[in-house]
């Protein structure tokens with residue numbers, strides 16, 4: 001890959017590629033789109049991918065043998081708008097540096113083996129999907145600052161504390177909120193969730209233990 005310095009798009013999804021993503025991917029300084037979803041890649045995401053400073057979209061979903069952590073310095077990719085890595089064996093924690101991706105709009109890390117907590121800042125996302133991992137801790141109230149948020153999914157984890165998020169600043173016409181299969185206890189307060197009748201608000205709390213739900 002080091003021989004392809006001027007390539008800006010690699011789209012090889014929906015094939016049967018095997019092997020690992022080579023560290024030399026970081027030598028493609030012009031790379032903007034990387035889509036290797038729905039293959040049989042194994043190994044880890046090389047740390048060198050953070051050298052692709054022009055990268056806008058990183059898609060590695062449905063590679064069931066892909067393992068290891070999200071690169072610690074992924075926040076160096078300041079132009080990222082899309083991270084889609086689901087249905088893999090990705091493990092470890094979500095790096096705090098992801099908060100440096102200020103243009104991030106779509107963050108999908110569902111159906112992995114991630115642990116730890118959700119960082120308080122993750123761009124200005126339209127979609128946040130952390131479902132079906134082993135995440136715990138608190139849901140950061142800063143999520144309520146994502147004014148264009150449309151989808152928020154963190155069902156199938158180990159969150160257990162009280163949940164209080166102010167959605168009154170969210171202006172999108174549709175907001176889907178899914179918190180099924182967690183261990184929440186106490187009060188859940190979603191201020192502004194039903195802000196006006198012309199906005200669609202969908203909430204899924206299936207198999208979540210609640211003592212009080214306030215919208």
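In full-length UniProt numbering, the protein residues as written are 1 to 215.
Ideal Cβ placement from N, Cα and C applies to all residues, glycine included.
Let me know the secondary structure DSSP gives residue 170 once reduced to three states. In the structure shown, residue 170 falls within a coil segment according to DSSP collapsed to helix, strand and coil.
Give me, in chain order, the residues of the same chain whose beta-carbon lies closer than 6 Å to that of residue 151; leave out the 5 immediate sequence neighbours on both sides. 127, 176
Spatial distance of residue 56 from residue 62 (CA atoms): If I take the Cα positions, the gap works out to 20 Å.
Nearest by alpha-carbon distance to residue 32: which of 15, 38, 18, 50 is it? Closest in C-alpha terms to residue 32, from the list 15, 38, 18, 50, comes 50.
Burial state of residue 133, where buried means 16 or more other Cβ atoms lie within 10 Å: By the neighbour-count rule (16 or more Cβ atoms within 10 Å), residue 133 is buried.
Cβ of residue 156 within 9 Å of Cβ of residue 181? Taking 9 Å as the Cβ cut-off, residue 156 and residue 181 qualify as a contacting pair.
Could you give the distance in angstroms between the alpha-carbon of residue 99 and the alpha-carbon of residue 125? Going by the C-alpha atoms only, they are around 11 Å apart.
Same chain, Cβ closer than 8 Å to residue 116, five either side skipped, listed in chain order: 92, 93, 94, 135, 136, 137
Quickly, what does DSSP pair residue 35 with across the bridge? List them, please. 11, 59
Taking the beta strand (DSSP E) that residue 106 belongs to, which residues open and close that run? 106–108
Are residue 70 and residue 34 close, meaning C-beta to C-beta below 9 Å? no
Going by the CB atoms, is the gap between residue 66 and residue 83 shorter than 9 Å? no
Can you tell me the Cβ-Cβ gap for residue 88 and residue 114, rounded? I've got them flagged as a contact below 8 Å. Under the criterion of beta carbons closer than 8 Å, residue 88 and residue 114 do not qualify as touching, at roughly 10 Å.
On the criterion of 16 or more Cβ atoms from any shown chain inside 10 Å, does residue 163 qualify as buried, or is it exposed? buried
Buried/exposed call for residue 19, threshold 16 Cβ in 10 Å: exposed
C-alpha gap between residue 6 and residue 47, whole angstroms: 20 Å
For residue 169, collect the residues of the same chain with a Cβ closer than 7 Å to its Cβ; drop the 5 residues on either side in sequence, then sort them by chain order. 144, 145, 147
Span separating the alpha-carbon of residue 30 from that of residue 11: Spanning the two alpha carbons is a distance of roughly 14 Å.
What's the C-alpha gap between residue 174 and residue 165? 17 Å
Quick one: what's residue 26 bridged to in DSSP? Partner(s): none; residue 26 has no beta bridge.
DSSP has residue 42 in a bridge; who is on the other side? 20, 65.
Hey, would you say residue 14 sits closer than 9 Å to residue 43, going by beta carbons? no
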